[in-house]
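Engineer:
Numbering (the working numbering), first residue to last: 95 to 803.
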């Protein structure tokens with residue numbers, strides 16, 4: 095081993111000397127070196143010191159010898175700083191040189207598409223409640239996938255103004271291409287066929303000469319002269335994104351005598367140890383100025399987030415700060431109570447009559463709720479048309495939504511509340527950040543993208559979401575599960591539930607002497623799994639549904655012949671979706687002389703979320719499930735069971751898995767299983783043991799029964 099190491103060091107020296115021979119005598123040679131710890135660092139070797147290297151490690155320089163080096167790389171990519179220095183043309187201004195100097199060696203961030211040199215927001219709150227935001231962004235483009243030459247900013251012109259202060263592109267040689275401010279365009283906000291607003295504008299511009307290697311820079315100023323709620327002012331910042339950053343900074347300037355409320359999130363547990371460096375950003379530096387107090391939250395050398403399969407929304411794992419000028423939630427509660435309450439109260443005789451018609455045969459509260467819920471889901475189309483700024487949060491009067499037969503999520507929640515109120519059931523709109531991170535209850539702010547319905551009746555509280563046309567009562571959309579919801583009319587934050595979605599299936603499997611099988615069975619769905627099947631199949635032709643089903647079967651059973659596939663009425667939300675099927679599969683068992691071997695057809699669990707050896711972040715399954723299967727195998731005539739796999743049971747805090755094969759008579763084998771997901775999130779601290787349990791299940795899925803004649 096020692097001789098091999100000496101030979102390898104001699105090999106490195108020979109390569110290194112050959113490289114030096116191609117350089118000018120007075121030149122300092124730049125490169126990157128990999129040390130024994132497997133990490134790569136920028137390095138250089140001044141002329142005349144051929145066996146020594148100056149290595150930059152964590153901001154300091156160390157002198158190492160050739161014996162400390164595992165590998166030397168002379169590639170252009172890893173010499174980016176030195177190459178950039180050579181490319182910079184004479185006469186570049188100190189300001190541009192400073193920006194260029196902050197671009198790191200690309201080899202430090204091999205996964206990054208670019209590098210954020212500056213991400214800064216400066217908020218200034220005025221004594222009269224108006225405020226200004228100036229955003230400054232500088233970004234180095236490493237890869238083609240990170241090229242973006244567009245600047246866009248949306249704003250509500252009835253209450254705010256916005257302008258692009260400057261924009262420019264900086265080439266690698268320091269040449270600056272300024273944005274011509276006369277090229278900035280402004281138009282109406284429009285997002286497809288289901289969203290239009292004549293009170294929101296979008297401002298856009300295209301930066302010139304942007305390409306790989308460029309640096310883009312721009313500043314945007316927004317002045318809010320009429321906050322949607324009096325005194326509303328809620329700055330926020332994230333210390334992390336999918337790209338690394340030199341500096342991330344939030345400055346909040348408060349009038350004298352006005353205190354800023356703030357909460358630091360995700361600092362108490364840093365999932366990725368590389369983010370330990372940003373911990374100091376959780377507390378602001380407070381600078382007292384003559385006219386204001388400035389709160390500065392700042393982090394430097396912020397690493398990129400390396401995303402993992404099925405990880406939570408970034409908001410739930412990235413260190414961040416949320417601020418507010420409000421001391422409590424009262425202003426937000428009062429605004430919602432007034433505006434939402436007024437719109438819920440504006441009903442018509444026709445609305446009342448329809449509500450009573452829908453519920454006339456209902457005997458229980460659940461039946462009344464289901465009838466109204468399914469009506470609003472299916473008969474009120476989702477279309478968002480905003481005639482004024484307030485409508486985005488307050489919606490429209492219930493009678494208008496009922497008459498128009500369309501509305502957005504706020505409108506639908508208002509109509510739900512009004513109709514249920516007619517039959518004496520309390521129902522309020524609930525604001526939620528659907529599909530995103532959780533809402534922070536510690537400081538008063540609006541952080542929602544959706545409204546659903548909160549119901550309180552018969553000593554229980556539930557949530558429903560009438561924007562989904564496919565979710566049967568009492569279920570609601572999966573991206574609403576397990577999130578904080580602001581129910582202003584109840585003056586509190588309420589956490590939505592995580593209802594379990596179930597699939598129960600049973601089938602008959604007839605094994606034939608020619609090694610083929612015939613399978614016929616039934617699957618029953620509810621919850622999110624039912625909604626997914628219903629929504630997908632409603633949009634497809636019958637032939638397309640069958641093609642997709644057959645393609646799925648063919649992944650594990652090549653040559654399948656699908657004989658039957660039927661579903662119950664997909665348009666009837668009063669009944670669960672039930673699937674019945676029958677198919678033949680050739681060569682589905684293994685024959686070896688007097689023996690036959692078979693496994694459960696189509697039975698596999700991939701657990702792609704456990705593909706990594708280690709994880710930094712939790713696994714987020716989004717919703718809870720429970721699946722139960724029963725397979726009744728009929729053996730070919732004359733065959734008997736020779737071997738059955740043992741039972742497997744795994745019961746940890748995240749899941750329960752139970753599966754077994756049992757003999758049921760001389761010519762019958764029954765396989766049954768159950769997989770229940772108990773928690774939505776798997777903590778990375780438990781990942782190793784959880785992954786091991788998943789591997790056991792994956793292996794068990796391939797277990798085979800042996801029969802003989």
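Virtual Cβ for every residue (Gly too), placed ideally from N, Cα, C. Bear in mind the structure is a predicted one, so any value in this text is a computation, not a measurement.
Check residue 469 in the structure and name its three-state DSSP category.
Structural biologist: On the chain shown, residue 469 is found 375 positions in, with the first residue counted as 1. Three-state DSSP puts residue 469 in a helix.
Engineer: Suppose only complete runs of 3+ residues qualify. What are the beta strand (DSSP E) ranges in the region 226-304, listed by chain order?
Structural biologist: 244-250, 254-264, 270-272, 279-284 and 289-300, all fully within the region 226-304.
Engineer: I need the straight-line Cα distance from residue 174 to residue 399, nearest angstrom please.
Structural biologist: Counting from 1 along the chain shown, the entry for residue 174 is found at position 80. Counting from 1 along the chain shown, the entry for residue 399 is found at position 305. Caution is warranted here: a pLDDT of 43 is assigned to residue 174, below 50, making its placement in the model unreliable, and no coordinate value can be reported.
Engineer: When you compare only the Cα positions, how much space is there between residue 357 and residue 598?
Structural biologist: Counting from one through the chain shown, the residue named residue 357 turns up at place 263. Counting from one through the chain shown, the residue named residue 598 turns up at place 504. Taking the straight line joining both Cα atoms gives about 44 Å.
Engineer: Does the Cβ-Cβ distance between residue 628 and residue 702 come in under 8 Å?
Structural biologist: By one-based count along the chain shown, residue 628 stands at place 534. By one-based count along the chain shown, residue 702 stands at place 608. It is not a contact, given that the beta carbons lie outside the stated cut-off.
Engineer: Whose C-beta lies closer than 8 Å to the C-beta of residue 373 among residues of the same chain, with five residues either side of it excluded?
Structural biologist: As a position in the chain shown, residue 373 is number 279, starting the count at 1. Around residue 373: 361, 364 and 413.
Engineer: Considering Cα atoms alone, identify which of 575, 535 and 454 is closest to residue 421.
Structural biologist: Locating residue 421 in the chain shown gives position 327, where the first residue counts as 1. The candidate whose alpha carbon is nearest that of residue 421 is 535.
Engineer: Can you look up residue 633 in the DSSP assignment and give me helix, strand or coil?
Structural biologist: For the purposes of this step, residue 633 is taken as residue 539 along the chain shown, with counting starting at 1. It is coil, neither helix nor strand.
Engineer: I'd like the span of the beta strand (DSSP E) that includes residue 360, first residue to last.
Structural biologist: To locate residue 360, count along the chain shown from 1; it is residue 266. Unbroken run through residue 360: none, as it is neither H nor E.
Engineer: Taking a contact to mean a Cβ-Cβ separation below 8 Å, would you say residue 182 touches residue 268 in this structure?
Structural biologist: Numbered from 1 along the chain shown, position 88 holds the residue referred to as residue 182. Numbered from 1 along the chain shown, position 174 holds the residue referred to as residue 268. Yes, the pair counts as a contact, with Cβ atoms nearer than the cut-off.
Engineer: Under 8 Å: do the region 694-710 and the region 785-794 share three or more Cβ pairs, one atom per stretch?
Structural biologist: The region 694-710 is in contact with the region 785-794.
Engineer: Look up residue 845 in the DSSP assignment and say whether it is helix, strand or coil.
Structural biologist: Since the first residue of the chain shown is 95 and the last is 803, residue 845 is not available in this structure.
Engineer: What does residue 501 pair with, by DSSP beta-bridge criteria?
Structural biologist: Position 407 of the chain shown, counting from 1, holds the residue named residue 501. Paired residue(s): 476.
Engineer: Where does residue 427 fall in DSSP's three states?
Structural biologist: Numbered from 1 along the chain shown, position 333 holds the residue referred to as residue 427. Residue 427 falls in the helix class under three-state DSSP.
Engineer: In chain order, what residues of the same chain have a beta carbon less than 8 Å from the beta carbon of residue 499, not counting five sequence neighbours either side?
Structural biologist: Within the chain shown, the letter at position 405 stands for residue 499. 473, 474 and 475.
Engineer: Measuring only the C-alpha atoms, how far is residue 804 from residue 214?
Structural biologist: There is no way to answer for residue 804, as the model of the chain reaches only from 95 to 803.
Engineer: For residue 723, collect the residues of the same chain with a Cβ closer than 6 Å to its Cβ; drop the 5 residues on either side in sequence, then sort them by chain order.
Structural biologist: Position 629 of the chain shown holds residue 723. Only 599 and 767 meet the Cβ criterion.
Engineer: Might you give, ordered along the chain, the residues of its own chain that have their beta carbon closer than 6 Å to the beta carbon of residue 228, omitting 5 neighbours on each side?
Structural biologist: The count along the chain shown starts at 1 and reaches residue 228 at position 134. The answer, listed in chain order, is 216 and 315.
Engineer: Just reading off the beta strand (DSSP E) that residue 188 is part of, what are its end residues?
Structural biologist: Position 94 of the chain shown, counted from the first residue, corresponds to residue 188. Not the beta strand (DSSP E): residue 188 falls in the alpha helix (DSSP H), residues 188-195.
Engineer: Please classify residue 788: does DSSP put it in a helix, a strand, or coil?
Structural biologist: Along the chain shown, one-based indexing puts residue 788 at 694. Residue state, collapsed to three classes: helix.
Engineer: Thinking C-alpha only, which one of 739, 773 and 765 is nearest residue 750?
Structural biologist: The residue labelled residue 750 in the question sits at position 656 within the chain shown. Closest option to residue 750, Cα to Cα, is 773.
Engineer: Residues in its own chain within less than 6 Å of residue 625 by CB, not counting five upstream and five downstream?
Structural biologist: Against the chain shown, residue 625 aligns to sequence position 531. Correct list, in chain order: 564 and 565.
Engineer: Output the boundary residues of the alpha helix (DSSP H) element that contains residue 448.
Structural biologist: Numbered from its first residue, the chain shown carries residue 448 at position 354. Counting along the chain, the alpha helix (DSSP H) containing residue 448 begins and ends at 443-453.
Engineer: Enumerate, from N- to C-terminal direction, the unbroken beta strand (DSSP E) stretches of 3 or more residues contained entirely within the region 569-623.
Structural biologist: Listed in chain order, they are 578-581, 586-589, 594-605 and 611-619.
Engineer: Measuring CB to CB, does residue 492 end up less than 8 Å from residue 437?
Structural biologist: Along the chain shown, read from residue 1 onward, the residue named residue 492 stands at position 398. Along the chain shown, read from residue 1 onward, the residue named residue 437 stands at position 343. Their beta carbons are under 8 Å apart, which means residue 492 touches residue 437 by this criterion.
Engineer: Nearest to residue 737 by alpha carbon, out of 756, 516 and 218?
Structural biologist: Taking the first residue of the chain shown as position 1, residue 737 is located at position 643. Of 756, 516 and 218, the residue nearest in Cα terms is 756.
Engineer: With distances taken from CA atoms, which of 516, 762 and 524 is nearest residue 431?
Structural biologist: By one-based count along the chain shown, residue 431 stands at place 337. Per the Cα distances, 524.
Engineer: Straight-line CA distance for residue 592 to residue 561?
Structural biologist: As a position in the chain shown, residue 592 is number 498, starting the count at 1. As a position in the chain shown, residue 561 is number 467, starting the count at 1. Roughly 18 Å separates the two Cα atoms.
Engineer: Go ahead and pull the three-state DSSP assignment for residue 626.
Structural biologist: By 1-based counting over the chain shown, the position of residue 626 is 532. The answer is helix: DSSP assigns residue 626 an H, G or I state.
Engineer: With DSSP run on the structure shown, which of helix, strand or coil describes residue 496?
Structural biologist: Here the question's residue 496 lines up with position 402 in the chain shown. Residue 496: helix per DSSP, three-state reduction.
Engineer: With a threshold of 8 Å between beta-carbons, can residue 245 be considered close to chain C, or not?
Structural biologist: Absent here is chain C; the protein component of the structure consists of one chain.
Engineer: For residue 509 versus residue 470, is the C-beta distance shorter than 8 Å?
Structural biologist: Position 415 of the chain shown, counting from 1, holds the residue named residue 509. Position 376 of the chain shown, counting from 1, holds the residue named residue 470. Yes, these two residues count as a Cβ contact at 8 Å.
Engineer: State the start and end residues of the unbroken beta strand (DSSP E) segment that holds residue 733.
Structural biologist: Here residue 733 refers to the residue found at position 639 of the chain shown. Element bounds for residue 733: n/a, residue is neither H nor E.
Engineer: Counting beta carbon pairs with one atom in the region 200-211 and one in the region 294-303, are three or more of them shorter than 8 Å?
Structural biologist: No: the two stretches stay apart, fewer than three of their Cβ pairs being nearer than 8 Å.
Engineer: Restricting to Cα atoms, I'd like to know which of 245, 308 and 294 is closest to residue 277.
Structural biologist: Within the chain shown, numbered from 1, the residue matching residue 277 stands at position 183. Closest by alpha carbon: 245.
Engineer: Please state whether DSSP places residue 684 in a helix, a strand or coil.
Structural biologist: For the purposes of this step, residue 684 is taken as residue 590 along the chain shown, with counting starting at 1. Looking at residue 684 - three-state DSSP - the assignment turns out to be strand.
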